[in-house]
Each structure stands twice: as structure tokens, then as C-alpha cells.
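Chemist: In the order they appear, the protein sequences are chains A and B. The first sequence stops at residue 293 when you use the UniProt record's numbering, and every number in between is there. The second sequence stops at residue 293 when you use the UniProt record's numbering, and every number in between is there. Got a structure for you, written out below as C-alpha cells; questions coming shortly.
There are 2 protein chains.
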Amino acid sequence: MATGRTHRPATRSRGIPEATVARLPLYLRALTALSERSVPTVSSEELAAAAGVNSAKLRKDFSYLGSYGTRGVGYDVEYLVYQISRELGLTQDWPVVIVGIGNLGAALANYGGFASRGFRVAALIDADPDLTGRVVAGIPVQHSDDLEKIVEENGVSIGVITTPAGVAQEVCDRLVNAGVTSILNFAPTVLSVPDGVDVRKVDLSIELQILAFHEQRKAGELAADAPLPETPADAIPATTRQQIPAEAAAQDAARARRGAGSAGGTGSAKGAAKTKDPADQGPDGDVPAVMPA
Amino acid sequence: MATGRTHRPATRSRGIPEATVARLPLYLRALTALSERSVPTVSSEELAAAAGVNSAKLRKDFSYLGSYGTRGVGYDVEYLVYQISRELGLTQDWPVVIVGIGNLGAALANYGGFASRGFRVAALIDADPDLTGRVVAGIPVQHSDDLEKIVEENGVSIGVITTPAGVAQEVCDRLVNAGVTSILNFAPTVLSVPDGVDVRKVDLSIELQILAFHEQRKAGELAADAPLPETPADAIPATTRQQIPAEAAAQDAARARRGAGSAGGTGSAKGAAKTKDPADQGPDGDVPAVMPA
DNA sequence: TAGATTGTTAATCGATTAACAATC
DNA sequence: TAGATTGTTAATCGATTAACAATC
């Protein structure tokens, strides 16, 4: 996953493991679906299947919350929905601001999932004066000059950053100074924040790269093993070779030819990764977009 | 991280742990930035700081790839960029299709991060005939009737699903049948796929819920501990009580009053989570949006 | 050589899972 | 009661981290 918290030691908040916390929303979604179908009770086995996890894990997760099930029967759906909502803090209202109303910011503003779970989009903020006053998802875009005022007046503690990477840290700093203590970052950059501030990161490009890694391996399984060594293995000193997997050894050999450890532009071979990367401009590039209100 | 792989045992592909694979794109991004600044070498300490991880972890991660550093010197930036790109499969071209050109699908189509790392948006697909032929991010939207044909003709192995949740499984099935073996799913639903197909999930609402959990705890730290027990602890059988943390015990007490384990709608107490959830319609709700081309 | 930094070890920690006693 | 299913234990597995010998 390309998602992760920055800062704050992997706190086991009130004794609930991080991994469990991350699954609670999954359970909640499955339970909500059952609730809509008026299913009164559900077993750990059924619920686990719906949530896509193993039932032992689910029971262990629930055991951190308390003993909410009934042996021989299962879990009361409505009751569990309430308990998990409560544990996640969804029984209260969370005003959020979205900063950076490009394509992605607009998509998030329109995303029904926020409003439905206690999250309320309190304001949309952008640095582009042309955007100010335009209405996205029924909410007027405000200028970033007023960021601090907006955060304070709305009691916002959660901020969503969908700006280009170049300004993300600055926006982050301003949000934090104004009182925001949780940040959901879509900009492809590492944010640094003071202690006590949580950052979660959603990185579209990283997700795809992880898929590509596995995809490449699938292809490799069929076609023996992709790119062939350019140099016979004996070109490598035996001492190194024995510790290194075959393919890496081949790469190492290539490197040896180029002179290992030499500083500066030996240049990256053949189709190597491009430099000058538009991705790092931000999740939206530069094109801001306004959705129909 | 609300991100995770479905199916496929946590395979340690060619010996590289999943956790390491997930960090490689992070290192790659930091290295690319150094490369642009023409920095020739970097130490594990510096690179780790840039990537937001601990240096021991970084060295351990790199050790799975081979011995690419030079003791006393550090790592050659260009060489490492190439090696990681290669390991991630980014030295080849990956055609992807995006299915569901609502707000989010359009945002992704416009996202520069795809094109820049070997990912090429080969086609945009939507079920809405009104959208067919319109141009988003320079690419014409094609009708989902042609999904199979498009996947096959373009040799697509990676699919991105940004449809409403209701049709995500069907779209997934069609993609997989047509030959797609990796799926990035933005629809808030659990997809089931056959063995050999990887699914990664990005769930905006889950990320926010995890932040809310921690946010709630921060508030609780100040104000003693949020909602007070509604019932004195002695109302609970001692046997249960002794195993349960104080707060859960209070909740359990409330439950006891309502009759634990009783089936059907005791209803969820006070501000409990809403049923009928528009979020589960999909990341975009129903409003499709077309970006300026 | 002396200083710097990697690559690896080993200890620690957290997460997963099967199995089953407790109990509805 | 008999059957079902939870909650918990304990074993296992994987990930993190500090420390340091190897070595440039």
C-alpha cells in the first residue's frame, strides 16, 4: 500500500492495533450493507467473507473493541454498526477543507462518501483567483488567502490536500498552523509535520507501480526470466556472486563494467526511468477543473 | 492505508517482501528529485530522510535488490534510479484503461503521473452513450460495449475502475475475462477475482475514517475521555466486566439494557451511523464530468 | 591510514492464523 | 441438550530497528 502515516509512533491507540483500525471501515461498510437489507445478525464467517478478510482476524479485531457478539448466534448488525461508528468517531461531525480544486479536488468535493459518514466539506480552497467564487459540488471556492480564517471559523481539524506537489508543504504548514491536526495528502510529496499531527497519503502513481511490479513477475513466470544477463556469470567475482540472486548478479556485472561506485552521470542504461517528471507537479497537473454545481 | 491487495497469498515475489515493494516507488521518487538536481551520490541516511523512512529500513530494502551501494560513499543516484525502475517494471510500457469517466476517472486521465512512469492511458471507457466520443485529457471516451475489444487490441493488462460500486464487480469480471490481470479499484466495494489477478484498492472514505479515529483520540486526551458511561459499571456482570476496558464496559451496559443478542432492529442509538449511503454508489456519485481536453 | 557508510545480523515487535474451550 | 459460534490462546510469520563488522 502506498498509504501510510507519517510521524507519530505506530501508536496502538487505546490498545487498538493500527492494522485493526484500518479494517474497521471495511467491516462498517459490509455491516451497513447488511443493515440496509435488514439482516438482523451475522456470523464472523459471513461478515468476514463480505469484508474480504479471514474470520479469525475479524474476531480478533472485534475482541479489541469488547465482547459484542453472542456465542452460537453471531453479531447484532445494528449494534455493531453503532459500536464501530462510535469507535471510529463517526457519530460526530467532522468539518473538512479541501485545498486545491483541480480535477481531483473537484472529484473529492463531489464524492458522496464524505457527507455520508460524518464528514462535511466545510470549504473548498484554491489559489487561483479565477476559481474563487465558482461553485463546485454546491460549495463556493474560496481563495487561499483566507485559509487560516476558514479553518478557524469552521473548527476544521481535517484537511485534504490536492494541490500540486510544489506547494503542498506550504499548504500543509498553513493548515497545521491554523489548527488542522489530520491531513489527507494526495500530492506526490512527503510532508513533514510536527508531533501530534497525522498524515495519511494517497498516491495513485505508487499504487500503479506496485501493480506493475507484480504484473512484470507474472509475465516473467511464463517467459523464463525476462531480460537475459548481458554478461556470463563468471565475469563476476565469486565472492559477490554467491550472495546475489542470479538476475541481480547479471545487473551487477553490467555495473562492474561501467566502474562501480563512480560518481556522476554514467547515465542510466537503455530504457531507464525518465527524469523531469510531470507527475511530481501534483495529482492534477496544472489544469484546474470545475464540475457542474 | 486503506490500500491492500485482495487475493494472492502475500507472495514474496522473487524474495522481495511486499512491504519493501511498496516502498520502492517512494525511494524512486526521492531519487528522481536528486537526479534532477544532478546529485551524483546519496547516503542511506540522506535518502531515507527524503523518503520519510528510517535508514536501516532503507538499507535492508535495498539489500533485497542486490548490493548497489559503495561502503564509505553511498549510492550512485542514476544507477539506483535505473535498478529500481527496472525492478518495478517501469522500463517497459504499460497500457492501462480507465473504466468510468466520472469526476474521478477524468481526474485520473489528466493525472500526469501515469504517463511519466511507463503507464500509458490506452483508452477511456464509460457506459454512458452521451459521453462516448467526447475527449478527456486528449483521449476519446469509448463505449463500454467495446471493452473486451479495446483491452485485447491494446494488450492491456492493467485496468483502473472508477465506476459506481454497483457495477464495479461486473466491470472487473469483464476486464479479467478480456485479459486484464491487475486492477486498481477506486469503487468502494470488495472485488472478487480469480487466482493470479491482483487487486489494489484506493478508498477515500476509509482514509478519512482512519484519520477521524486518531483525531477523536487526540480530543479525548484533553477532555478526559469523551462520552461518559450512561450506566454505572456495577450494572454489568462482574465476569464480563473484568475483561473489558472501562469504556467498552459502559457500552456493554447500554447493550445489556436493550437485551443483548436479540435479533432485529433495536435500532442504533443516538447519532449512530446513517444507513442508505450514497458513498457506496461510487467514488463519483452519479455525476459524470468531462474535463477540458 | 582514518573516516565514512554500507550490508547484514539478531533482537524485538506487531500481525496473522488455526485451533479450541467457553458458552449461547 | 446438541449445535453453533464466539473470544482467546499460542504458534507462526513478517516487518522493523539498532548495532556493528566489513570495506570502500
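We treat Cβ as the ideally placed atom computed from N, Cα and C, and that holds for glycine.
When burial is assigned at 16 or more other CB atoms within 10 Å of the CB, is A/Ser-38 buried or exposed?
Modeler: Walking along the first sequence from the start, residue 38 of chain A turns up at place 38. By the 10 Å Cβ count, A/Ser-38 comes out exposed.
Chemist: Between which residues of its own chain and B/Ala-263 is the CB-CB distance below 8 angstroms, once the five residues before and five after are set aside?
Modeler: Here residue 263 of chain B refers to the residue found at position 263 when the second sequence is read from its first residue. Here the model assigns B/Ala-263 a pLDDT of 32, short of 50, so the residue's position is not dependable, and the following value carries that caveat. Contacts found: none.
Chemist: Answer yes or no: does any C-beta atom of chain A fall closer than 8 angstroms to that of B/Asp-198?
Modeler: Residue mapping note: residue 198 of chain B aligns to position 198 of the second sequence, counting from 1. Yes, contact with chain A.
Chemist: Would you give the residue range spanned by the beta strand (DSSP E) that B/Thr-186 belongs to?
Modeler: Against the second sequence, residue 186 of chain B aligns to sequence position 186. In the sequence on display, residue 186 of chain B carries Phe and not Thr. That residue, B/Phe-186, is in no beta strand (DSSP E); it is neither H nor E in DSSP.
Chemist: A/Pro-194: which of A/Pro-95, A/Phe-213, A/Tyr-82 and A/Val-180 sits nearest, CA to CA?
Modeler: On the first sequence, residue 194 of chain A is found 194 positions in, with the first residue counted as 1. Checked all of A/Pro-95, A/Phe-213, A/Tyr-82 and A/Val-180; the closest Cα to A/Pro-194 is A/Val-180.
Chemist: Please check the pair A/Ile-158 and A/Ala-168, which I expect to be a contact at CB under 8 angstroms, by giving their CB distance rounded to whole angstroms.
Modeler: Numbered from its first residue, the first sequence carries residue 158 of chain A at position 158. Numbered from its first residue, the first sequence carries residue 168 of chain A at position 168. With a Cβ gap of about 16 angstroms, A/Ile-158 and A/Ala-168 do not count as contacting.
Chemist: Can you give the beta carbon distance from B/Ala-49 to B/Tyr-27, rounded, assuming they're within the 8 angstroms contact cut?
Modeler: Working through the second sequence from its first residue, we reach residue 49 of chain B at position 49. Working through the second sequence from its first residue, we reach residue 27 of chain B at position 27. Not really, about 12 angstroms apart at Cβ, beyond 8 angstroms.
Chemist: Buried or exposed for residue 294 of chain B, going by 16 or more other Cβ atoms inside 10 Å?
Modeler: No information on residue 294 of chain B is available, as it lies outside the stretch 1 to 293 that chain B covers here.
Chemist: By the criterion of Cβ-Cβ separation under 7 angstroms, what are the contact partners of B/Leu-21 in chain A?
Modeler: Along the second sequence, one-based indexing puts residue 21 of chain B at 21. Per the sequence shown, the amino acid found at residue 21 of chain B is Val instead of Leu. Ordered by position in chain A, the residues that pass the 7 angstroms Cβ test against B/Val-21 are Ile-210 and Phe-213.
Chemist: So, helix, strand or coil for A/Thr-266, using DSSP?
Modeler: Taking the first sequence and counting its residues from 1, one reaches residue 266 of chain A at position 266. The predicted model places A/Thr-266 with a pLDDT of 31, which falls under 50 and marks its position as unreliable, so this point remains unresolved.
Chemist: Output needed for B/Arg-23: all residues of its chain with C-beta closer than 7 angstroms, excluding positions within five of it in sequence on either side, in chain order.
Modeler: As a working mapping, residue 23 of chain B is identified with position 23 in the second sequence. Excluding residues within five positions, the ones whose Cβ falls inside 7 angstroms are Val-53 and Asp-61.
Chemist: Would you list, in chain order, the members of the region 98-121 of chain B that have their beta-carbon closer than 9 angstroms to a beta-carbon of chain A?
Modeler: Gly-102, Asn-103, Leu-104, Gly-105, Ala-106, Ala-107, Leu-108, Ala-109, Asn-110, Tyr-111, Gly-112, Gly-113, Phe-114, Ala-115, Ser-116, Arg-117, Gly-118 and Phe-119
Chemist: Just the chain B side, please: which residues come within less than 9 angstroms of A/Ala-51 by C-beta, in chain order?
Modeler: Locating residue 51 of chain A in the first sequence gives position 51, counting from the first residue. Below the 9 angstroms Cβ cutoff, chain B contributes Val-190 as neighbours of A/Ala-51, in chain order.
Chemist: Would A/Pro-25 pass as an interface residue toward chain B - the criterion being a Cβ-Cβ separation below 8 angstroms?
Modeler: Here residue 25 of chain A refers to the residue found at position 25 of the first sequence. By this cut-off, A/Pro-25 is an interface position.
Chemist: Indicate whether the contact test is met: 3 or more Cβ pairs, each with one atom in the region 185-205 of chain B and one in the region 123-132 of chain B, closer than 8 angstroms.
Modeler: no
Chemist: Using alpha carbons as the reference points, say which of A/Glu-18, A/Leu-47, A/Phe-213 and A/Lys-201 lies closest to A/Leu-80.
Modeler: Residue numbering aside, residue 80 of chain A sits at position 80 when the first sequence is read from its first letter. Looking at the Cα atoms, A/Leu-47 is the closest of the given residues.
Chemist: Would A/Gln-92 and A/Leu-65 be called neighbours here (beta carbons separated by less than 8 angstroms)?
Modeler: As a position in the first sequence, residue 92 of chain A is number 92, starting the count at 1. As a position in the first sequence, residue 65 of chain A is number 65, starting the count at 1. For A/Gln-92 and A/Leu-65, no; Cβs fall outside 8 angstroms.
Chemist: Any chance the CB of B/Gly-69 is under 7 angstroms from a heavy atom of the ligand GDP?
Modeler: The ligand GDP is not among the ligands present in this structure, which contains no ligands whatsoever.
Chemist: Start and end of the beta strand (DSSP E) containing A/Ala-122?
Modeler: Looking up residue 122 of chain A in the first sequence gives position 122. Per DSSP, the continuous beta strand (DSSP E) segment holding A/Ala-122 begins and ends at 119-126.
Chemist: Provide the residue(s) that pair with B/Thr-41 in DSSP beta bridges, ordered along the chain.
Modeler: Taking the second sequence and counting its residues from 1, the one referred to as residue 41 of chain B is at position 41. DSSP output for B/Thr-41 lists B/Asp-76 as bridge partner(s).
Chemist: Within 10 angstroms of its Cβ, does A/Glu-152 collect 16 or more other Cβ (buried), or is it exposed?
Modeler: For this step, residue 152 of chain A is matched to residue 152 along the first sequence. The residue is exposed, with fewer than 16 neighbouring Cβ atoms inside 10 Å.
Chemist: In angstroms, rounded to a whole number, what distance separates the CA positions of A/Gly-113 and B/Asn-185?
Modeler: If you number the first sequence from 1, residue 113 of chain A lands on position 113. If you number the second sequence from 1, residue 185 of chain B lands on position 185. Distance between the alpha carbons of A/Gly-113 and B/Asn-185: 15 angstroms.
Chemist: Grab the span of the beta strand (DSSP E) containing A/Asp-198 for me, first residue to last.
Modeler: Reading the first sequence from its first residue, position 198 is the one you call residue 198 of chain A. Residues 198-201.
Chemist: If we call anything under 8 angstroms between Cβ atoms a contact, is B/Glu-207 one with A/Val-202?
Modeler: Translated into positions along the second sequence, residue 207 of chain B becomes position 207. Translated into positions along the first sequence, residue 202 of chain A becomes position 202. Going by C-beta atoms, B/Glu-207 is nearer than 8 angstroms to A/Val-202.
Chemist: Please decide whether A/Gln-169 counts as near chain B, where near means a Cβ-Cβ distance under 8 angstroms.
Modeler: For the purposes of this step, residue 169 of chain A is identified with residue 169 of the first sequence, where counting begins at 1. No, because no Cβ of chain B sits closer than 8 angstroms to the Cβ of A/Gln-169.
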